[in-house]
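Here the structure is laid out as structure tokens; the discussion comes afterwards.
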Amino acid sequence: MTGSLTDHSAATARHTPLTVAELALRAGRPEEAAALSALALRSKAFWGYSASFMAAVTPELTLTEDQAAGAVVAQVDGEIGGFHLLGPTRGRSAGTEPESAVAELDMLFVDPQFIGTGLGRVLYEDARARAVAQGYRRMLIEADPHSLTFYLRLGAVEVGERLSRAIPGRSLPLLEVTLRTSGGGSVGAGRASYWR
Ligand SMILES: CC(C)(COP(=O)(O)OP(=O)(O)OC[C@H]1O[C@@H](n2cnc3c(N)ncnc32)[C@H](O)[C@@H]1OP(=O)(O)O)[C@@H](O)C(=O)NCCC(=O)NCCS
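The numbers in the sequence shown follow the numbering used here, run straight up by one, and end at 354.
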């Protein structure tokens, strides 16, 4: 089963920056699990994936109440415009530091109506700042291929790939953001393969 990849230009078709006054970031709530899951699915579908692809990824895009409570939600004029979910890495770390030093941006989704408005950048920067504040040294991102340029633009570095858990044989770009250096050197340089 494969996903159909579509023209990236769809993501940048809209260029209407949000004004700061419209935007508030807040903690997610357990009772928002269904709403956040639906947003994640709408957002993923923005890339034009097939129905069978969307069915395959639905379980991993379905948030539990705990995940919803751990999410950071962006409210735009009172409605949920997107969210991120940050946590300790779920994959094996190739670095020398303990896994507790490595964060993972598990989810970053912008509702299609707000894609291209700068909201993704706001959510990404918030996740990055939280990872720094929580003492992580690196942040990993298993990216949808369509979002690769977005993350590169925001300073992440491609360090390898991971196999998708939902789609057999599909490999996904793995990106890394260095949050703190250790001993004066940069952490986690180089390309490697990571597996769940
Ligand atoms: C990826 C995603 C979060 C980006 O959010 P966004 O609000 O559209 O991004 P922004 O408007 O903040 O864009 C920030 C920068 O990245 C660039 N960018 C964003 N998406 C891009 C894309 N698909 N391809 C190339 N560049 C992109 C923008 O041009 C902008 O650059 P600039 O400030 O230098 O002009 C959003 O498209 C999304 O939710 N997509 C569907 C779900 C998904 O793939 N999520 C990621 C899962 S890993």
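By construction, the Cβ of each residue, glycine as well, lies at the ideal position given by its N, Cα and C atoms.
| query | result |
| --- | --- |
| Residue burial classification, residue 279 (beta-carbon count within 10 angstroms, cutoff 16) | exposed |
| Which listed residue (198, 206 and 211) has its alpha carbon closest to that of residue 264 | 198 |
| beta-carbon residue 268 near ligand 2 non-hydrogen atom, thresh 8 Å | Among the ligands present in this structure, namely ligand 1, ligand 2 is not found. |
| Touch test, the stretch 185-198 against the stretch 230-239, Cβ-Cβ under 8 Å, three pairs minimum | yes |
| Helix, strand or coil at residue 308 [DSSP, three-state] | helix |
| Distance cut-off 8 Å: residue 311 Cβ against heavy atoms of ligand 1 | yes |
| Helix, strand or coil at residue 345 according to DSSP, with G and I counted as helix | Confidence at residue 345 is low in this model, with a pLDDT of 37, below 50, so its placement is unreliable and no value can be given for it. |
| Rounded distance between the beta-carbons of residue 183 and residue 302, thought under 8 Å | The Cβ separation is near 22 Å, so there is no contact. |
| Rounded straight-line distance, which links the Cα of residue 329 to that of residue 277 | 27 Å |
| C-alpha gap between residue 323 and residue 299, whole angstroms | 15 Å |
| Residue 229 (DSSP reduced to helix, strand or coil) | coil |
| Alpha-carbon spacing of residue 181 relative to residue 267, whole angstroms | 16 Å |
| Range covered by the alpha helix (DSSP H) that runs through residue 284 | 277-291 |
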